[in-house]
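A.B. asks: Sharing a structure below in structure tokens format, with a few things to ask.
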Amino acid sequence: KVNHKPRVCKMVKGPSGFGFNLNMVKNKPGLFINEVQRHGPADVAGVENNDVLVEVNGVNVINEPYDNVVARIKESGDTVTLLVCSKDAY
Amino acid sequence: NMISLVTQKTKL
Numbered sequence: 016k017v018n019h020k021p022r023v024c025k026m027v028k029g030p031s032g033f034g035f036n037l038n039m040v041k042n043k044p045g046l047f048i049n050e051v052q053r054h055g056p057a058d059v060a061g062v063e064n065n066d067v068l069v070e071v072n073g074v075n076v077i078n079e080p081y082d083n084v085v086a087r088i089k090e091s092g093d094t095v096t097l098l099v100c101s102k103d104a105y
Numbered sequence: 019n020m021i022s023l024v025t026q027k028t029k030l
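If you're matching them up, the sequences are chains Z and G in order. For what it's worth, the numbering used here labels the leading residue of the first sequence as 16, then goes sequentially. For what it's worth, the numbering used here labels the leading residue of the second sequence as 19, then goes sequentially.
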């Protein structure tokens, strides 16, 4: 059973970062997450593989360029709050 | 296959 509701996931950076990859797919809007590190910060916070990233720290990033979104997360410091939802819900 | 179409990828 897939949860289609958007999820707010707050995480604290670990020894190897937040524990996920942020990807962009050619000719498709939105950024998606995969390679969520098992038991890593993102996993513990409730992020799942193939989730679509909607907000970073309360700011909607759906229409932001990829590099800007990566910069937002990197500049967030040791904690970041992401709003994600499953690909199907998006 | 979605993986083959990934154009940007960053480990965070």
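C-beta: ideal position from N, C-alpha, C; glycine also.
Going along chain G, which residues have a C-beta under 7 Å from I88(Z)?
C.D. replies: L30, listed in chain order.
A.B. asks: On the CB-based measure, 16 or more other CB atoms within 10 Å of its CB, does P80(Z) come out buried or exposed?
C.D. replies: P80(Z) is exposed by the Cβ-count criterion.
A.B. asks: In angstroms, rounded to a whole number, what distance separates the CA positions of S31(Z) and A57(Z)?
C.D. replies: Distance between the alpha carbons of S31(Z) and A57(Z) is about 11 Å.
A.B. asks: Which value, in whole angstroms, describes the spacing of the CA atoms of L68(Z) and F33(Z)?
C.D. replies: Answer to the nearest angstrom: the Cα atoms are 14 Å apart.
A.B. asks: Following the continuous alpha helix (DSSP H) through E90(Z), name the residue where it begins and the one where it ends.
C.D. replies: E90(Z) -> alpha helix (DSSP H) spans Y81 to E90.
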